[in-house]
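Just below is one structure, and these are the notes that go with it.
Numbering (the working numbering), first residue to last: 146 to 1286.
Next up, the structure:
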C-alpha cells in the first residue's frame, strides 16, 4: 500500500513546503501579530452572525471580502505582509488536516445510520454517478472555455474539487423548513461519498511515489480498495473506543468533550500517517455513533461544541483564502474571469440536474415517496463549501505544469461556493415551499390538532387549579387565558385543496389515516426504547437493535413491526445450537470397561489399569506433539532431501507406538472400541500408517515405478490427519465458548422482547392522541395487542429455554431499577439542600460504582427450588408463618405439552403457581361480576389470549368467588406448577382471617387498576407492600343496595375493579373496570358483590389494621381525570342502554 501522504508528514532535505500563494519572504517575520489577526476574524465573524442570523452566506461574503482587502494591503505593504506571512507559508495539506476532521465528523454524526443503511447502495450509486458526471463535464468545460492555459491534470483536479458537494450546507436550509430526515440524509450521504472518494484521489496524487514509479491499473485499484477497507476498519475501532469513553459512568462532561474531539483528530492523523484516508475513517466513526453511544444529555453538549468549532473554522477558512487571493497579482483578474465564473456556475447546476435525472430511477426504487418534486429540490442541493476550498490549493501544488496565477484556482472555487450557498439554498427552500413539500398532510394535521387540543386541556386545567390558590387571587385570569391560548398555523400546500373549503375538501381515506398513525407508532416506540435504555431496563445493544429495526421497517408502507421482524438473530441462535449439538456428538468421552470381566487374569487387569489411566491419554498427545517437527521437515522439500533416513526412522517409531496404543485399547474394549468416533479415527490413522510403511518399503525395491512413487507421496501428505485428534482437546473449550454465546443471545433476545412488550404498552396509552377516530383507534389497538401477545409468547418460550439466564437478567434489572430510584431520590435531596454538595457527590459515586459492578454480574443464576417459589406470592408477604402453612399443604403438579390445566365453565380446584414452562390462556371478555345482559360485548364471541409464565398465579379470582372459571388454560410447553387446593386456601382464610383474603383482593385490585389505568396512575407509587404497610390504597366491599360516600378531599381515585355501582344522585351506572369521576359523591352497589379500590390523597401514618383516613390539614392538588371505560383500554365495547334504566 503506498504511503499517499508521506510528503506532508516529512520534508525532504532541500525541499520546502508548497506555499499557498507561491511567494516567500526574504525578511524576518514579526511574531505574535498573526494570532491577533485570527482572534479578530473570530470576533468579527461572531458579531456578524449575531446581527445576520438568517443569512450565513452574507457573513462569509463579508469575511471573504475583508480577507481580500487584507491581502491587497499585504501585497502593497511590507508590515501587513509580515502579519499574514505565517498563513502564506503554511502547507495546503496542513490546513486540510487542521480544519477538515471536525467538520466531516460533525456531518457524519448528524446522519442517521439506520436510514442510510436501508438505501446504502442507492446512495453509493448516486454518489459515484455524481462524481463521474461532474468529473467529465466540468473537466471538459474547463478545458474548452478557460483561457489561463491549464494543463489536463490541473483541469481534472479542478473538476474533482468543484464537483464536491458540501455535506453541511447542502441540507442546512432544508432542515429549517421541516423536510423529512430521510431526504436530508440521502443528500448528506451522497456528499460524504463524493468527499471521501475525492480525498482518496488527491491522496494518491499527493504521494511522492506516484511521480517516481509507474503503477499498473490493477495495482492502483487494489491500493484504493485497501485504503478504503483499512480506513473503515480504523474508523470502526475508533468509534468503539469513543463509545466506551463516552458511556463511562464516572466521566464528567468536560472530560468527555475533550476526549471525543481529541480522538477525532488522533484518528485522522494516525490513519493519514498510515497512508489511508482520514476522511473515510471519520465518516465511519460518525456513522457508528448514535444517541445511545452517549450518556444522557452528553450528545447535545458535544454537538454544540462541534457546531461552534465548525462555524469558527468556516469563518477562518473563507477569510484566510480571501487573504490568499488578495495577495496575488490583480492583473490576472480580467473580464473573462467573471464570464468564466458564470459559466462554471451554470455548469455546476447543469451537472447536478443531469445527475438527478440519471439517479431518479434508483431513488424511486429506494423510496416510494420520491417523485419529480423531490427531484427538483435535490437538483438545487449541489452546494459547494469548505471541502472544495480546502483542496483548491492542492490543484496548483499537484499540477504537472505550474501556472503564474495559482490564486485563480482558489478564486473560482470560493466564488462558486458563495454563489451556490446563496442562490441554490434560496432556490431549494423556495422550490420546497412552492411545490408543497413543506406542507403537513391532512392526517398529520389531525394528529397535531389532537396533540394541541390535549395540551390546551392541560393548560386549562392548570389555570382552573391555580384559580383556587389564595396567593393568586388578584391575577387577571382573562389575560392569562388569552396569552396561553395556542394557535398554530400549518404550512399550506398549493397542490392540496384548502382546508377552509369544506365542500371541495376530500377527507383522507382510512388507509391514509392508518399509514400516518403507523409512523407515529414507530416514533413512540423508538422513544420508548431510548427511555428504557437510559433507565437501565434495556441494554444498549438491545435498544440499538430495536431502534434499527423500527427505522428499517418505517419506509415499508403499511408495515407494523412485530417481534418476529426484530428477531433476525434467531437464525444465528439456531446455528449456535446446531454447532453445539455437533460438538457434543464429537466430544470425547473416556471409555469404561468393568473389571469383573477379566476375572483373575493379571495381564488384562494390568492392561486395563494402563489404558484407563490419565497418563495413557497424555502419552498419546505427547506422541502427536513430538511428530509436529518431523512433519514440518517432511513438507519442506529441501529439508526433506537432507533428512530422508531420519524421517523414515521417526515415521517407523510413530506408527509402532500408535499401533501399540491402539492394540491395548482393542484388547480391553473389544467391539466397544468402534462405538466412539475418535477410536475409529485412531484405527484409520494406524491403517494409513501401515500402508505408508509398506509403500515406502516397495519403493526401495522398485525405485523406477512412477505410479508407486506417486502413491507414496500422496500418502505422505495424508500424514497430516495424525494431528486431527488434537481437536478433541479443544472441543470442551469450544463447547464452553458456544454456551457463553448462546446465553448471551438468550439474554439479548429476552431483553429485546421485553423492551418490545414495554414499548407496545407505552404506545397503547398514547394512541388516543394519534387519531381521534374510533375505528382507527380500534384497529391500532388490535394490532398492538396482537403484537404484544406474540412477544409475550416469545418471552415464555425464551424463559422455558434458558431459565437460569432469564433469572440472572431479571435479578440484574431489579438491582439496576433499585439503584436508579436511589439516584433519583439522591438528586431530589441534593436539589432541596438536605444533602451537602460534597456528600451528594460521594454518595453518587458509591451508587454509580454499584451500577458499574453490574457489568460483571453472572450471566446465569440457577433457578430456586419449588418451595422457594412460595416467597414470590406477594400476598404471603414473605412471612414465615404463612409460607410454612402453605408449604405443608402445597403439591407439585406436572403437565405435558397440550395438557389442560383448567377449563372454562368448571369449578376451581385451587390455585396454580407456575414454576417453569408456559401456558396459554383463552377466554371471552371477562365479566367482572356483571350480568351479561348489561354488557353488549358478551354477544360477541371474540376470544382473547394471554400467556402465563414462571411466577404467574392461575385461578385466584375464581377461588375467591367460588364461581366457574372464565378461561381455559392449555400448556404450551412442559409445565411445572405449585398447586394449593381450594380447601387448603380457605383453611388459610380461616386461620389468618381476615387479613389473608383481603390481601389477595388488594393484590387483584392493584393488578386490574394498573392493567387498565396505568396512564392515570403513573404518579402513584402503589406498591403492594407499601399499600399494606402505609394504607396508601385499600379495597372497599359493596353488596347489592349498600352505599358508600366518596370524599374527594381524602380519596384521590376510586376505581371499580369488580362489579358495578350507580351514582345515587344522578343514577348514572358505572361498570368495572372504570375510575369514578370527581363529580360522584355517593355510590350504591348494583351487583351481588362489588369491589372498589380507593387510592388516598395523602400518606397517613403507618397503620396496617385500620382503614381510617386521617386528614392532615394539607390541601392536596385536585386534578381532573377523564375516567375511562374498559373499551378504551382493552378494546372491549362496553355500553349501557339508557333506555333500559
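Beta carbons: idealized from backbone N, C-alpha and C, even for Gly.
- Contact annotation: residue 968 and residue 992 have beta-carbon atoms nearer than 8 Å.
- Counting the other Cβ atoms within 10 Å of the Cβ of residue 800 gives 16 or more, which makes it buried.
- If one requires a minimum length of 3 residues, the beta strand (DSSP E) runs lying completely within the stretch 1003-1053 are 1036-1040 and 1045-1047, in chain order.
- Just so you know, the alpha carbons of residue 777 and residue 234 end up roughly 60 Å apart.
- When the beta-carbon positions are compared, residue 338 and residue 419 stay at least 8 Å from each other.
- For residue 392, the closest of 550, 1132, 679 and 748 by C-alpha to C-alpha distance is 679.
- The alpha-carbon separation between residue 488 and residue 325 amounts to approximately 33 Å.
- Within the same chain, Cβ atoms closer than 8 Å to the Cβ of residue 677 are found at 683, 688, 900, 903 and 904, the five residues on either side in sequence being excluded.
- Per DSSP, reduced to three states, the secondary structure at residue 439 is coil, with no helix or strand assignment.
- Under the 8 Å Cβ criterion, the stretch 455-470 counts as touching the stretch 213-230, having at least three qualifying pairs.
- The beta carbon of residue 909 sits closer than 7 Å to the beta carbons of 926 and 929 from its chain, once the five residues preceding and following it are set aside; these are given in chain order.
- In this structure, DSSP gives residue 1123 an extended state, which the three-state scheme calls strand.
- Of 629, 484 and 327, the smallest CA-CA separation from residue 597 is found for 629.
- Its Cα nearest to that of residue 582, the residue 321 stands out among 404, 817, 321 and 790.
- Per DSSP, residue 1236 is one residue of the beta strand (DSSP E) stretching across 1234-1241.
- Where residue 1185 is concerned, there is no enclosing alpha helix (DSSP H), because DSSP gives it neither an H nor an E.
- Between the alpha carbons of residue 1171 and residue 1070 lies a gap of roughly 31 Å.
- When DSSP states are grouped into helix, strand and coil, residue 424 belongs to the helix group.
- Here the stretch 221-238 lies against the stretch 176-191, with 3 or more beta-carbon pairs under 8 Å apart.
- By the 16-neighbour rule on beta-carbons within 10 angstroms, residue 782 is exposed.
- According to the DSSP assignment, residue 573 belongs to no beta strand (DSSP E) but to the alpha helix (DSSP H) extending over 570-579.
- Counting only runs of at least 4 residues, the stretch 306-336 fully encloses the following alpha helix (DSSP H) elements, listed from N- to C-terminal order: 314-320.
- Per the C-alpha coordinates, the member of 250, 281 and 1010 positioned closest to residue 1121 is 1010.
- With contacts defined by Cβ atoms closer than 8 Å, residue 670 and residue 695 form a contacting pair.
- By the C-beta density criterion, residue 460 is buried, having at least 16 other C-beta atoms within 10 angstroms.
- The closest CA to that of residue 1188, considering only 239, 1197 and 1225, is found on 1225.
- Spanning the alpha carbons of residue 599 and residue 606 requires a straight line of approximately 11 Å.
- For the pair residue 1238 and residue 1200, the CB atoms are nearer than the 8 Å cut-off.
- Contact check between the stretch 1049-1067 and the stretch 1190-1200: fewer than three CB pairs, one atom from each, fall below 8 Å, which does not count as touching.
- The beta carbons of residue 863 and residue 769 sit about 15 Å from each other, so the pair does not count as a contact at 8 Å.
- Under the DSSP assignment, residue 1096 falls outside any alpha helix (DSSP H); it carries neither an H nor an E label.
- DSSP places residue 1215 in the strand class (E or B) of the three-state scheme.
- Here the alpha carbon of residue 1236 sits roughly 11 Å from the alpha carbon of residue 1153.
- Going by DSSP, residue 699 is part of no alpha helix (DSSP H) at all; its letter is neither H nor E.
- Counting only runs of 3+ residues, no beta strand (DSSP E) is found wholly inside the stretch 446-518.
- In the assembly as shown, residue 398 is an exposed residue. Its beta-carbon has fewer than 16 other beta-carbons within 10 Å.
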